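*Asks:*
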Amino acid sequence: MEWISEHLLLVTALVLTAAGTFTLFPKRLALPRVLGWLLTLAGVVALAASFVPERSPVTDDLLFYLFSGTAIISGILLITSRYPVYGALWFALATLSVCGLFLLQSAPFLAAATVIVYAGAIIVTFLFVIMLAQQSGRSIYDQRSRQPLLATISAFVLLGALLVTLQQANLEPSVESTDPGVAAVVTNPLSQPLPDQPLGSMHGLGRSLFGDYLFAVELAGTLLLVASIGAIIISPRKGQVTQ
Amino acid sequence: MTGDAQQYLAVGAVLFVIGALGFLTRRNLIVMMLSAEMMLHGVSLTLVTFSNLHNTIEGQAFTIFTLTVAACEAGLALALILALFQQSQSLDVDLWSGLREPDLPSPTSGEPTTLPVQSEQEFPRLSPAGRVPVVSQKNGDLSAVSGSSAATASPQDVQPLASSHK
Numbered sequence: 000m001e002w003i004s005e006h007l008l009l010v011t012a013l014v015l016t017a018a019g020t021f022t023l024f025p026k027r028l029a030l031p032r033v034l035g036w037l038l039t040l041a042g043v044v045a046l047a048a049s050f051v052p053e054r055s056p057v058t059d060d061l062l063f064y065l066f067s068g069t070a071i072i073s074g075i076l077l078i079t080s081r082y083p084v085y086g087a088l089w090f091a092l093a094t095l096s097v098c099g100l101f102l103l104q105s106a107p108f109l110a111a112a113t114v115i116v117y118a119g120a121i122i123v124t125f126l127f128v129i130m131l132a133q134q135s136g137r138s139i140y141d142q143r144s145r146q147p148l149l150a151t152i153s154a155f156v157l158l159g160a161l162l163v164t165l166q167q168a169n170l171e172p173s174v175e176s177t178d179p180g181v182a183a184v185v186t187n188p189l190s191q192p193l194p195d196q197p198l199g200s201m202h203g204l205g206r207s208l209f210g211d212y213l214f215a216v217e218l219a220g221t222l223l224l225v226a227s228i229g230a231i232i233i234s235p236r237k238g239q240v241t242q
Numbered sequence: 000m001t002g003d004a005q006q007y008l009a010v011g012a013v014l015f016v017i018g019a020l021g022f023l024t025r026r027n028l029i030v031m032m033l034s035a036e037m038m039l040h041g042v043s044l045t046l047v048t049f050s051n052l053h054n055t056i057e058g059q060a061f062t063i064f065t066l067t068v069a070a071c072e073a074g075l076a077l078a079l080i081l082a083l084f085q086q087s088q089s090l091d092v093d094l095w096s097g098l099r100e101p102d103l104p105s106p107t108s109g110e111p112t113t114l115p116v117q118s119e120q121e122f123p124r125l126s127p128a129g130r131v132p133v134v135s136q137k138n139g140d141l142s143a144v145s146g147s148s149a150a151t152a153s154p155q156d157v158q159p160l161a162s163s164h165k
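Sequence order for the protein chains is A and B.
Residue numbers for the first sequence follow numbering that gives the first Met the number 0, beginning at 0 and rising by one.
Residue numbers for the second sequence follow numbering that gives the first Met the number 0, beginning at 0 and rising by one.
This is the structure we're talking about:
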């Protein structure tokens, strides 16, 4: 009880968001969707309020709330959408919002790469597959979820555990040990940021990728090759469907 | 910057849990794959946040690799989805619950979809190589397959699950 009263805002936010998401899921006994939207919105706002920073809101904070709110709302709309096409479009919106968060976290190259890879390649491929494989009209498996109540409860209990741990965590940036008796642990010297450049610059990222992680880059290239060969083999061809 | 990191990590956790919830709950194969990509977004955001917090570029390098693996996974998953769709004419994941361990209870949601009448079990094939083998002509089977797929397109939601499904 005492614990709940300490984290009252967070618990309320989680319960509101869980109820809204559960209401939005496609079920046999469909609850009104407006109710679900209102509950989810109230929950997300309360969630933002429980993580509000101490200082006054400036442009960064506004952008953060805009991007993170868009990402979370479109994520919930993705998993509750009745049509897979709308789900893919909501996923594109969530991807763009996450790229905005990357930009705020000083990772401009990563934001551009994510936009190109996800919005440029993966979303288009998903839309192609939806066009190829989607039947006309609504299908029953898009209208009914599998155990929505149990899954929502367990997922939001997990989220509550994560968020409470985050609120209590002491996040301090790691400082290099200046004590001469203790050897400073610098495992990857090429991954340290250059002194005259911002953190996420292409120069620094390239130094890290092709310096410290060169073998991993080679492995990733091999993985891409193997995956493309596998996709070509797995994907059905017209001439081989029947004998 | 510390308070900021907490917020960004919270957003990453929320995105991960949303993706996990969608993966557990939805029955459409495509929406399940989109939810898995959502989980990857949450993890990427967490990595980038830690990279910014500790002022090192390693987290961003890890995110590049996450991106690579996500691209591979999407390509393979979509090829698999197309192959499964060609066999069952449906994107319902419950149709493939027969792939579970035989002594476990059935995980289906109790709302069966219709299963089209399969005239012939089809398996994925490797690409042809070498000399063309001599195959006996089966024109009757070929017309039966195309006819059944055209016939089962319309009464999809009417029939309950056929008992022929293993």
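Using N, Cα and C, we set each Cβ at its ideal position, and we do this for glycine too.
Remember, predicted model here, so these are calculated numbers, not experimental data.
1) At 8 Å on the CB atoms, spell out the chain B contacts of residue 62 of chain A, in chain order.
2) Work out the CA separation of residue 81 of chain A and residue 244 of chain A for me, nearest whole Å.
3) May I ask you to report which of helix, strand or coil DSSP gives residue 195 of chain A?
4) Hey, how far is the Cα of residue 77 of chain A from the Cα of residue 85 of chain A?
5) What does the alpha-carbon distance come out to for the pair residue 104 of chain A and residue 167 of chain A?
6) At a Cβ cut of 8 Å, what residues of the region 11-39 of chain A count as close to chain B, listed as they run along the chain?
7) Hey, how far is the Cα of residue 64 of chain B from the Cα of residue 100 of chain A?
8) Does residue 188 of chain A have its Cβ less than 8 Å from a Cβ in chain B?
9) Could you tell me whether the region 104-119 of chain A touches the region 150-166 of chain A, using the rule of 3 or more Cβ pairs below 8 Å?
10) Which two residues bound the contiguous alpha helix (DSSP H) that contains residue 141 of chain A?
11) So the alpha helix (DSSP H) residue 32 of chain A belongs to, where does it begin and stop?
12) Less than 8 Å between the C-beta atoms of residue 83 of chain A and residue 30 of chain B, yes or no?
13) May I ask you to report which of helix, strand or coil DSSP gives residue 27 of chain B?
14) So if I threshold CB-CB distances at 7 Å, which residues from the region 72-84 of chain B count as touching chain A?
15) Looking at chain E, which residues of the region 190-202 of chain A have a Cβ within less than 7 Å of any of its Cβ atoms?
16) To which residues of the same chain is residue 66 of chain B closer than 8 Å at the C-beta, ignoring the five residues directly before and after it?
17) Taking a cut of 8 Å between CB atoms, which residues from the region 26-55 of chain B lie near chain A?
18) Just verifying my parser: in three-state terms, what is the DSSP assignment at residue 59 of chain A?
19) Return no unless some Cβ of chain A is closer than 8 Å to the Cβ of residue 21 of chain B.
20) Does any C-beta atom of chain B lie closer than 8 Å to the C-beta of residue 125 of chain A?
21) Take residue 19 of chain A and list the residues in its own chain whose beta-carbon comes closer than 6 Å to its own, dropping the five residues that flank it on each side.
22) Please classify residue 202 of chain A as buried or exposed, where buried requires at least 16 neighbouring CB atoms within 10 angstroms.
23) Interface residues of chain A around residue 133 of chain B at Cβ under 9 Å?
24) Check residue 3 of chain B in the structure and name its three-state DSSP category.
25) Only counting runs of 4 or more residues, tell me where the alpha helix (DSSP H) segments fall wholly within the region 83-131 of chain A, in order along the chain.
26) Would you tell me roughly how many angstroms separate the C-alpha atoms of residue 95 of chain A and residue 88 of chain B, rounded to the nearest one?
27) Considering Cα atoms alone, identify which of A:231, A:130, A:200, A:225 is closest to residue 232 of chain B.
28) Between residue 124 of chain B and residue 224 of chain A, what straight-line distance do the alpha-carbon atoms span, to the nearest angstrom?
29) Going by CA-CA distance only, name the one from A:13, A:22, A:215 that's closest to residue 155 of chain A.
30) Can the beta-carbon of residue 78 of chain B be found closer than 8 Å to that of residue 212 of chain A?
31) Whose C-alpha, out of A:116, A:188, A:23, A:61, is nearest the C-alpha of residue 72 of chain A?
*Replies:* Let me spell this out:
1) The premise fails here: residue 62 of chain A is roughly 12 Å from chain B at the closest Cβ pair, so nothing lies under 8 Å.
2) Look at the range of chain A in this structure, 0 to 242, and you will see that residue 244 of chain A is not part of it.
3) coil
4) Just so you know, the alpha carbons of residue 77 of chain A and residue 85 of chain A end up roughly 7 Å apart.
5) 22 Å
6) 20, 24, 27
7) 19 Å
8) no
9) no
10) Counting along the chain, the alpha helix (DSSP H) containing residue 141 of chain A begins and ends at 139-142.
11) 32-49
12) Annotated as proximal: residue 83 of chain A and residue 30 of chain B, with beta-carbon spacing under 8 Å.
13) strand
14) 73, 74, 75, 77, 78, 79, 80, 81, 82, 84
15) Among the chains of the structure shown, chain E does not appear; the protein chains present are A and B.
16) Take residue 66 of chain B, set aside five residues on each side of it, and the residues of its chain with a beta-carbon closer than 8 Å to its own are 43, in chain order.
17) 26, 27, 29, 30, 32, 33, 34, 36, 37, 40, 43, 44, 47, 48, 50, 51, 52, 53, 54, 55
18) helix
19) Taking Cβ atoms only, chain A reaches closer than 8 Å to residue 21 of chain B, which makes this a yes.
20) yes
21) 35, 38, 39, 42
22) exposed
23) Near residue 133 of chain B there are no residues of chain A at all, since even the closest Cβ is about 12 Å away, more than 9 Å.
24) helix
25) Secondary structure within the region 83-131 of chain A: the alpha helix (DSSP H) runs of 4 or more consecutive residues, fully enclosed, are 83-103, 107-113 (chain order).
26) CA-to-CA, the gap between residue 95 of chain A and residue 88 of chain B works out to about 33 Å.
27) For residue 232 of chain B there is no data in the structure shown, the boundaries of chain B being 0 and 165.
28) 20 Å
29) A:13
30) No. Outside cutoff.
31) A:23
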